[in-house]
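Sequential numbering from 0 applies to the sequence shown in numbering that gives the first Met the number 0.
Heads up, the beta-carbon is just placed ideally off N, CA and C, and yes, glycines get one too.
Source: prediction; values computed, not measured.
Let me begin by presenting the structure, written as structure tokens, before commenting on it.
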Amino acid sequence: MNFAFRTVQFGFMHIWPLLVMAVAATQLPPTALGSVAIIMSVATLFRPLVGMSLGRTTLRYAGEAFAKEGVSGRDAAVGLALRLGIIASVLALVAAVPVMRAVNRFYDLDAGPQILFYAVAFIYLFGLTEFFDGIYRTVGKFRQLAVSVVVSRIVGLALFTFWLPVYGGVATLVLCLALSELVAVVLLMLGARGLISGPAIWRYDLRSTQSARLLSYAAPVIINAVSVYLYARVMVMIVGLYVPSADTGAFEIAVQISNLPMAVTIICASVMSPVIGRLIHQGEAGLRAANEIASYGAAFTVWVSVMAALYLMIVAPFVLQVWFPQLEALPMVMMIIAPLVAAKAFAQFISGEIAIATGAAATAARITLVFGGVTVGLGFALSPSFGVTGAAFAMLIAHLGAVVATVVILTRKTGLTLRYHLRATVSGGAMIAGVCGVVVWTLRHDPALAALWGTVAFCAALIAVLVTGWRSDANIVAPVRDGLRMIHATRTAQSVTDAPVAKAKSDATHTPRDMTQAVLDYCRLSAPDAAAFWLDGTGEATAIAWQDHADMVYTLRLLDRLAQVPKETAQFYLNAVADADLYGRIRVCQSGQGGANSAPTAHMTAYVLGAARLVEDATGGVLPARAFEGWDLAQIIDPASDLPRYPKAWSHHIWRVSHWIGGGPSIVLNLSRWGKVDGINAALLERVLTAIETQLLDPHTDRLRPYRSALIQKGFRVAYKIRHDPEIADIGGLVHILWIYHATGRNYRNRAALYDASWCHLRGEVPFMEHAPYCLDFDIIQLMRTAQPAHEAFSPDAVQRAAQFVDDTAAYIRTLPQTGYTLHRLTGALAAMHEAALILGGDHVAPLGVAPVDIIKEAGWL
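Written out as structure tokens, the structure reads:
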């Protein structure tokens, strides 16, 4: 029933702005439409600020808590969000007063104190409704939510019907809106009493670390929500500066009509988001289940949106001519922006509630911010000269670009690979559009007849396609079938979410031997040639990629299995290294490496030499003397500055250039350990590290600063945010240098700042830095461990987080995906488990049953 209740509740909420504008268009003079449109836009922009979006944020926070502690954990998260949200809402109320005064002056609304008072009350109550909406959805109380909203909207319609005609004016309409929202808030607050009755609700103090974490989760959600609303509303506010009030109202009505079909997308996403939020934190099996359920909703909502877009583009302009003859610009605006209904369905499904539930809200916010800027730029460029038509085209261009960016980037970020059944949707849409288009074109000179018979033709063609496809079991109705599956999945959400939990519990009984075997099996699947060489002793060492070799060596060391490799196999590898082209090493033997092993970069050479050291230490093999011949130090280190050579053109891409800036010293480190290359020794390494510290590291934070222009760097970071978090990338780059500090025992210059930065990310990103564990998790955990002073114990929160990471990673490894997860990522995940175990202070990594390894101390690189 959740889907039905959410449909009713959200349907009333989503259609409400359009109903308000329709009432204004019929009950007020055209000159008042612009004022109503601007007030509605300001109220929409304030919605996420009232309560700091903590209602929606709780979807993710409570999802994580549920995965760890069940219902009691979820209730504790909800209780904390309720208390913080109510306190924060007062700040928004105070801010709304000067904002409305400024809007009144800027747009020449000529609104008196009465209208401004009613508008501020409406803005505040409108935002509280959204805050409680998120809270109620988190705990699954869709029925109470639907009843509260429906009753309030009925009250509002009654006021519009019986009160507005008597008193008239903008002030009366806005008062009706405020009273309607007041009814909703009162009912929702009465229902919320049941949410705070349990003892778990009061578990967390408002000044606790959990509170800080919840607020940190809320920040990207607020940015995303404000960006989305601004992105959707800004064009109305821009066009209001250049066109008459009636045209502003027409543009607003067209935008609200185009938003109606998105209600289906948002309903589906919001109903499924609590389920997906729990599944996404339960390992690979949970991710697969989440992807399957999300695909049902994605296919269905795209199909609905495409059908709606066709109707709005072909028939709706004639309907609007009949209903609103005084708004001449309305039909043309509707035709221009109608395609957005179909296009935005792809982005809306994954960028809203699903992004929040999967922890991708920050990425979604960055995309929206960038294209919000594009929308503003195009709006100001086209609106002054072309009026509402120019604004409509500006909106179409900017939003289509946002759709493409959102789908591409968030698909990678969330790990969800959605199935849309596009061929079926396009085929059915083409048939319906053909029939409907012929009828409308024939009757185009009579708007009333075109509207009537165009609607009849559209409905008849749609029914014919559905009935025929259903009876013949044709693929053309596959998206509709997925819609029914989605409804079934939401009805049985408890059993869907229970299955992965039960799997995780049963997996917890597996022995370390089972875990080791699972890793080795995945090695055979992911890198079969390298696995065969190191596990079976078959194949040619020179025919295998260097990264696969090194991944296998490091993985075996982290499983405590490297010593079991036969010495003969190990020597074959060491001989291949001796004969290979490496970064900074002039080739001295024409052995022929084949396509698999072209000359490695600084990073790969450091990885190869690190693997060679591990192999020597574990197996007794020896790197031949010819491996130390032909090295040209000047190719690695600039003799004039003692700095590692790196591509200056990429100096603003810190994570990328750090592979040279850190890889060069790592090469010097391992060659100095062997002590067989003239001029490469510990003294040289000390000079190189000192040069890096004084010339490339910030003296206060130790962040890497290889660039010259801070302004260009700021621009690069803005662009980089579209796909990645630049703060995490900065740390990921810095650790490539600090690894050499750690391996040589050199002190970190700013331990406290480094610890705080790494702990902030480890605490804030749960369970992993991204959707799966890999080297980035190792970077953060290793820095946190090594930045902590040796004589100080880790905090209980840090120890708990480390233990949680070990368990989460073990659960993920037990259900590794067949594709999309490389062996190098697995190696990084294993190394991160070892680092977390070192934080715990025990003598073994429990899931693996081996002693923890400080891999950087041993190998000098990863």
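At a cut of 8 angstroms, does the stretch 546–556 reach the stretch 613–631 through at least three beta carbon pairs?
-> yes
Using the C-alpha atoms, what's the distance from Leu-92 back to Val-35?
-> 20 angstroms
Whole angstroms is fine: what's the gap from Met-0's alpha carbon to Ala-75's?
-> With a pLDDT of 49 at Met-0, under the threshold of 50, the predicted position of this residue should be treated as unreliable, though the coordinate-derived value follows. Rounded to the nearest angstrom, the two C-alpha atoms are 25 angstroms apart.
Where does Trp-322 fall in DSSP's three states?
-> helix
Compare the C-alpha of Ala-293 against each of Ala-315, Ile-266 and Gly-400 and name the closest.
-> Ile-266
Please go through the same chain and pick out, in chain order, the residues whose beta-carbon is closer than 8 angstroms to the beta-carbon of His-658, but skip the five residues on each side of it.
-> Thr-600, Ala-601, His-602 and His-735
Is Val-305 closer than 8 angstroms to Val-263 when the C-beta atoms are compared?
-> If you check the CB distance, Val-263 and Val-305 do not come in under 8 angstroms.
Ile-237 versus Leu-44: straight-line alpha-carbon distance, rounded = 14 angstroms
Does the beta-carbon distance from Gly-78 to Phe-130 come in below 8 angstroms?
-> At the C-beta level, Gly-78 and Phe-130 stay beyond 8 angstroms of one another.
In DSSP terms, what Pro-643 is bridged to = Ile-636
Please report the residue range of the alpha helix (DSSP H) in which Ser-244 lies.
-> 244–258
Could you pull the start and end residues of the alpha helix (DSSP H) that Arg-443 belongs to?
-> Careful: Arg-443 lies outside any alpha helix (DSSP H) and carries neither H nor E.
Starting from the Cα of Ala-858, find the closest Cα among Ile-838, Trp-738 and Asp-807 and give me that residue.
-> Trp-738
Hey, would you say Tyr-754 sits closer than 8 angstroms to Ala-786, going by beta carbons?
-> yes
Contact between the stretch 819–833 and the stretch 842–857: three or more CB pairs below 8 angstroms?
-> Touching, yes, given that three or more Cβ pairs across the two stretches are closer than 8 angstroms.
Give, in chain order, every unbroken run of the beta strand (DSSP E) that is at least 3 residues long and sits entirely within the stretch 75–157.
-> Listed in chain order, there is nothing to give.
Would you call the CB atoms of Gly-386 and Val-242 closer than 8 angstroms?
-> In this structure, the beta-carbon distance from Gly-386 to Val-242 falls below 8 angstroms.
Three or more C-beta pairs closer than 8 angstroms, one from the stretch 452–463 and one from the stretch 417–437: is that the case here?
-> yes
Collapsed DSSP secondary structure at Ile-739 in the structure displayed = helix
Between the CA atoms of Ile-366 and Trp-758 - distance to the nearest angstrom | So the two alpha carbons sit approximately 26 angstroms from each other.
In terms of residues, what are the limits of the alpha helix (DSSP H) holding Phe-627?
-> First-last for Phe-627: undefined, no H or E at that position.
6 angstroms CB neighbourhood of Ala-526 in its chain, flanking five on each side removed | So the qualifying residues of the chain are Asp-547 and Leu-822.
Between Leu-775 and Gly-731, is the Cβ-Cβ spacing less than 8 angstroms?
-> yes
Check whether Ala-682 and Ile-855 have beta carbons under 8 angstroms apart = no
Cα separation between Pro-788 and Ile-37?
-> Annotation: Pro-788 to Ile-37 spans about 56 angstroms, alpha carbon to alpha carbon.
If you pair each beta-carbon of the stretch 18–31 with each one of the stretch 100–114, do three or more pairs fall below 8 angstroms?
-> no
Alpha-carbon spacing of Glu-692 relative to Asn-749, whole angstroms | 11 angstroms
Within this structure, are the beta carbons of Glu-371 and Val-233 separated by less than 8 angstroms?
-> At residue 371 the sequence reads Gly, which differs from the Glu that was named. Result yes, Cβ atoms of Gly-371 and Val-233 sit closer than 8 angstroms.
Three-state class that DSSP yields for Leu-27 in the structure shown = coil
Straight-line CA distance for Arg-784 to Leu-837?
-> Cα to Cα, the separation comes out at about 8 angstroms.
Just curious, the alpha helix (DSSP H) that Asp-866 is in, first and last residue?
-> The chain is shown only over 0 to 861; residue 866 falls outside these bounds and no answer can be derived.
Let me know the secondary structure DSSP gives Leu-205 once reduced to three states.
-> coil
Using the DSSP secondary-structure output, state which residues sit across from Arg-584 in a beta bridge.
-> Leu-581 and Trp-630
For Val-844, which three-state DSSP category applies?
-> strand
Mind checking whether Ile-635 and Gly-663 have CB atoms under 8 angstroms apart?
-> In contact: Ile-635 and Gly-663 (Cβ atoms closer than 8 angstroms).
Residues that Leu-703 bridges to, as DSSP identifies them = Leu-696
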